[in-house]
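Enquirer: Numbering (my numbering), first residue to last: 1 to 325. Where a beta carbon is used, it is the ideal one built from N, C-alpha and C, also for glycine. Sharing a structure, written as C-alpha cells. Questions coming.
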C-alpha cells in the first residue's frame with residue numbers, strides 16, 4: 001500500500017506546457033494492460049494502471065544492490081546513445097527503462113499524461129510513490145532529451161514523445177521542471193533514479209543470486225530473459241561448465257600419461273586415485289547434461305503454455321545453436 005499525501009504538487013508550472021503554437025496534448029490511456037496473468041482496464045482501476053506504468057517495483061526490490069549494475073550518474077542523451085552505436089528498443093515496462101544490453105538500450109516512451117498539469121493534480125499528487133516515480137521518469141527524459149537533436153530523434157525517429165509536442169514547448173517544460181526538482185539531491189524522485197543506465201547482465205545476476213530476489217523462477221530467468229535470448233541464458237547459466245570440462249580433460253589426459261609410465265603404472269595408489277577421479281568426472285558430466293536438459297524442458301514447457309508456437313520454437317533453436325561442450 002502506498003503512502004498518501006495531499007501536500008504534493010505537480011513538478012512544473014501549469015503554463016509551461018501551453019503556448020500559442022502548441023497543439024493540445026490528448027491524454028489517452030490503453031484499453032487494457034496485461035500484468036502477469038491479470039488484465040487491467042484503466043477505465044476501471046486507473047490507480048492500478050498508474051502503479052504498473054510508473055513504479056519500477058522490480059528495481060526497488062534490489063535497490064540496495066543497484067550500485068553493482070550501474071554508476072550513480074545521469075543517463076546519456078539520445079544523440080550520445082546513437083554515437084555509442086546503441087539501438088534504441090522500446091519497452092513499456094518501467095523497470096526496464098534505461099537498462100542496456102550489449103549494443104541495445106531499452107527506453108519507455110513518455111506518456112502524454114505526465115505533461116498534463118490537471119492530471120497530476122487529480123491522480124498523482126495524492127500518492128507519494130506515484131508522485132516520486134513520475135518525477136523520476138520525467139527526470140530521465142530531461143537527461144535523454146537535452147538538445148534539439150535529441151528531441152528530433154525522440155519524437156520523429158523513435159516515437160518516444162507525443163507527436164504534437166514542439167521543441168520550444170519541451171524546452172520550456174524542462175526548464176520549469178528543473179526549477180521544481182533539486183537535481184543535486186534528487187530527494188523528490190524515486191530512488192531508482194539515483195542511478196541512470198543499468199547493465200542487464202548484472203541485473204540478471206542480482207536477481208539470480210541475491211537473497212532478497214532469489215527464487216526458482218528468478219534463478220532461471222534472471223531480471224529479464226526473454227525467449228529470444230535463451231541462447232544467452234544458457235551461456236550465462238552454464239558457460240562456466242566449459243572451464244570445468246577443460247580442467248577434467250587436461251587432468252584425465254595427464255592421468256593417462258602417468259599410467260603409461262613404468263613408475264606410476266605400477267603404483268596401486270595412483271591407480272586408485274585415477275579410477276576415483278575418472279568416475280567423479282563422468283558423474284559430473286552426466287549431472288551437468290541432466291541439469292541442462294531439465295532446464296531446457298522446464299523453460300520450453302513454460303513458454304509453450306504461454307506462446308505455443310513461436311517461443312517454444314525459439315527455445316529449441318537456441319539450444320541447437322549452442323556450441324557443443
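For a quick check, are the C-beta atoms of residue 335 and residue 139 less than 8 Å apart?
Expert: Nothing can be reported for residue 335, as the shown portion of the chain is limited to 1 through 325.
Enquirer: Would you please state the rounded distance, in angstroms, between the beta carbons of residue 251 and residue 277? I believe it to be under 8 Å.
Expert: Position 251 of the chain shown, counting from 1, holds the residue named residue 251. Position 277 of the chain shown, counting from 1, holds the residue named residue 277. Confirmed, about 7 Å.
Enquirer: Consult DSSP for residue 86 and reduce its assignment to one of helix, strand or coil.
Expert: Counted from its first residue, the chain shown places residue 86 at position 86. Looking at residue 86 - three-state DSSP - the assignment turns out to be coil, as it is neither helix nor strand.
Enquirer: Between the region 181-193 and the region 133-149, do at least 3 Cβ pairs fall closer than 8 Å?
Expert: Yes, the region 181-193 is in contact with the region 133-149.
Enquirer: For residue 273, which residues from the same chain have a beta carbon less than 7 Å from its beta carbon, with the 5 sequence-adjacent residues on both sides left out?
Expert: Walking along the chain shown from the start, residue 273 turns up at place 273. Cβ neighbours of residue 273 beyond the five flanking positions: none.
Enquirer: Please report the straight-line C-alpha distance between residue 27 and residue 242, rounded to a whole angstrom.
Expert: The sequence position of residue 27 within the chain shown is 27, counting from 1. The sequence position of residue 242 within the chain shown is 242, counting from 1. Each residue's Cα considered, the two are about 53 Å apart.
Enquirer: Looking at the unbroken beta strand (DSSP E) that takes in residue 100, where does it start and where does it end?
Expert: The sequence position of residue 100 within the chain shown is 100, counting from 1. Where residue 100 is concerned, the enclosing beta strand (DSSP E) stretches over 99-101.
Enquirer: Taking C-beta to C-beta, are residue 192 and residue 56 nearer than 8 Å?
Expert: Counting from 1 along the chain shown, the entry for residue 192 is found at position 192. Counting from 1 along the chain shown, the entry for residue 56 is found at position 56. Result yes, Cβ atoms of residue 192 and residue 56 sit closer than 8 Å.
Enquirer: I'd like the ranges of any alpha helix (DSSP H) spanning at least 4 consecutive residues and lying wholly in the region 10-54.
Expert: Whole alpha helix (DSSP H) segments, 4+ residues: 46-54.
Enquirer: Among 58, 185, 146, which has the Cα closest to the Cα of residue 218?
Expert: For the purposes of this step, residue 218 is taken as residue 218 along the chain shown, with counting starting at 1. Taking only the C-alpha atoms, the option nearest residue 218 is 58.
Enquirer: At 4 residues or longer, and completely inside the region 201-282: list those alpha helix (DSSP H) runs for me, N to C.
Expert: Listed in chain order, they are 216-221, 230-238, 240-260, 262-265.
Enquirer: Which residue from 24, 259, 12, 205 puts its Cα closest to that of residue 166?
Expert: Working through the chain shown from its first residue, we reach residue 166 at position 166. Of the listed residues, the one whose Cα sits closest to residue 166 is 24.
Enquirer: Under DSSP, the beta strand (DSSP E) around residue 104 begins and ends at which residues?
Expert: Residue 104 sits at position 104 when you count from the first residue of the chain shown. Taken as a continuous stretch (DSSP letters only), the beta strand (DSSP E) holding residue 104 covers 104-107.
Enquirer: Quick one: Cα of residue 228 to Cα of residue 11, how far?
Expert: The residue you call residue 228 lines up with position 228 of the chain shown. The residue you call residue 11 lines up with position 11 of the chain shown. Residue placement at residue 228 is flagged as unreliable, the pLDDT there being 48, under the threshold of 50; the coordinate-derived value follows with that caveat. When rounded, the distance between both Cα atoms is 39 Å.
Enquirer: From what residue to what residue does the alpha helix (DSSP H) around residue 131 run?
Expert: Start at 1 with the first residue of the chain shown, and residue 131 comes out as number 131. Looking at the DSSP string, the run of the alpha helix (DSSP H) that includes residue 131 is 128-144.
Enquirer: Is residue 304 helix, strand or coil by DSSP?
Expert: Taking the chain shown and counting its residues from 1, one reaches residue 304 at position 304. With a pLDDT of 48 at residue 304, under the threshold of 50, the predicted position of this residue should be treated as unreliable, though the coordinate-derived value follows. It is helical.
Enquirer: Taking the straight line between their C-alpha atoms, what separation do you get for residue 39 and residue 77?
Expert: Position 39 of the chain shown, counted from the first residue, corresponds to residue 39. Position 77 of the chain shown, counted from the first residue, corresponds to residue 77. Approximately 34 Å, taken between the alpha carbons.
Enquirer: Tell me, which residues are paired with residue 199 by DSSP?
Expert: Counting from 1 along the chain shown, the entry for residue 199 is found at position 199. Bridge partners of residue 199: 100.
Enquirer: To the nearest angstrom, report how far apart residue 169 and residue 289 are at their CA atoms.
Expert: What you label residue 169 is simply residue 169 of the chain shown in a count that begins at 1. What you label residue 289 is simply residue 289 of the chain shown in a count that begins at 1. Cα to Cα, residue 169 sits roughly 59 Å from residue 289.
Enquirer: Would you kindly work out how many angstroms separate the C-alpha atoms of residue 14 and residue 206, rounded to a whole number?
Expert: Taking the chain shown and counting its residues from 1, the one referred to as residue 14 is at position 14. Taking the chain shown and counting its residues from 1, the one referred to as residue 206 is at position 206. For residue 14 and residue 206, the distance between alpha carbons rounds to 41 Å.
Enquirer: Considering residue 124, what are the terminal residues of the alpha helix (DSSP H) in which it resides?
Expert: As a position in the chain shown, residue 124 is number 124, starting the count at 1. Where residue 124 is concerned, there is no enclosing alpha helix (DSSP H), given that its DSSP letter is neither H nor E.
Enquirer: Give the range of the alpha helix (DSSP H) segment to which residue 166 is assigned.
Expert: Along the chain shown, one-based indexing puts residue 166 at 166. No alpha helix (DSSP H) holds residue 166; DSSP gives it neither H nor E.
Enquirer: First and last residue of the alpha helix (DSSP H) that includes residue 59?
Expert: Walking along the chain shown from the start, residue 59 turns up at place 59. Run containing residue 59: 57-61, per the alpha helix (DSSP H) assignment.
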